[in-house]
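Have a look at the structure below before the remarks.
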Amino acid sequence: MENTTHPFEERCKLLKEEIGLEVPLLVIETFKRYDLPKNNYFYSIFWHVDNDSFIIFYTEPFIELVVTRYKEIHGQNADLAKLSEQLDDAVYEYRIKENCFDRTNPDFEFINKCYEEFKKTGEELIITMDLGDHDNLVINKEEKGNIGYNLSTYKTTTGIQYKYLTHFKPLPELIRGSFGWQEKIL
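Taking my numbering, I'd label the letters of the sequence shown as residues 31 to 216.
As structure tokens, this is what we get:
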């Protein structure tokens, strides 16, 4: 019996080599279990990966660090509106290959400095792949391999409002649910 590698395993190896993306084992095992076509809603994101594929979700410790450093530079009573706007823009400008926010954008220089300091503590931001329709596949941290929902879910930490993920569901559960939905309309 010939031992063949699943096409998704090959794809994951290529993504790791090319852009440093480590696909969670749960995701790999799930896609191996279900024989999904490449155009499947969940599966297709791994076949069309670019910089726009990723959305970052901040953590409370990161926001606290950023605000602390910002106030050290601009004073304790600094207006946080500009910082808040930069943080809002940066969530869509994460570059997984470089493990930073878009370095070509000078607006993210301060955020990148804070992110470098933050990473030295062993912490990470929540890195997700955008599935559309406010769904995000978490690719790191404790929720990796799960789908989180992000519509109108905000936290405020030290004066900065930011989105966070809720309603986590395991990828296999959502795939099984999508099969049921497809069967109902056929």
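Ideal placement from N, C-alpha and C gives every residue a C-beta, glycine not left out.
Apart from the five residues just before and just after residue i, which ones in its own chain have a Cβ nearer than 7 Å to its Cβ?
i	result
residue 94	187 and 188
residue 83	75, 159 and 160
residue 91	153
residue 85	121, 122, 158, 160 and 166
residue 81	125
Sorted by chain position, which residues of the same chain lie with C-beta nearer than 8 Å to residue i's C-beta, five sequence neighbours on each side aside?
i	result
residue 201	56, 57, 60, 72, 167, 175, 176 and 177
residue 184	191, 192, 193 and 194
residue 99	140, 143, 144 and 147
residue 173	156, 195 and 198
Return the Cβ separation of residue i and residue j in integer angstroms, given the expectation that the two are a contact with Cβ distance under 8 Å.
i	j	result
residue 110	residue 121	The Cβ separation is near 16 Å, so there is no contact.
residue 118	residue 125	In fact, because the Cβ distance is near 17 Å, the residues do not count as touching under 8 Å.
Determine which residues share a DSSP beta bridge with residue i and list them.
i	result
residue 166	160 and 178
residue 130	125
residue 190	187
residue 200	176
residue 86	157
Is the Cβ of residue i closer than 9 Å to any Cβ of chain C?
i	result
residue 59	In the displayed structure, chain C is absent; only one protein chain is listed.
Which same chain residues end up closer than 6 Å to residue i when comparing Cβ atoms and leaving out the 5 residues on each side of it in sequence?
i	result
residue 204	177
residue 45	51
residue 101	108
residue 66	73
State buried or exposed for residue i, treating a residue as buried only when at least 16 other CB atoms are found within 10 Å of its CB.
i	result
residue 129	exposed
residue 165	buried
residue 35	exposed
residue 103	exposed
residue 158	buried
residue 180	buried
residue 123	buried
residue 89	buried
Runs of 3 residues minimum, wholly inside the stretch 96–128: which ones carry the beta strand (DSSP E) assignment? none
Ranges of the alpha helix (DSSP H) found wholly within the stretch 44–82, counting only runs of at least 4: Within the stretch 44–82, the complete alpha helix (DSSP H) runs of at least 4 residues are 55–63.
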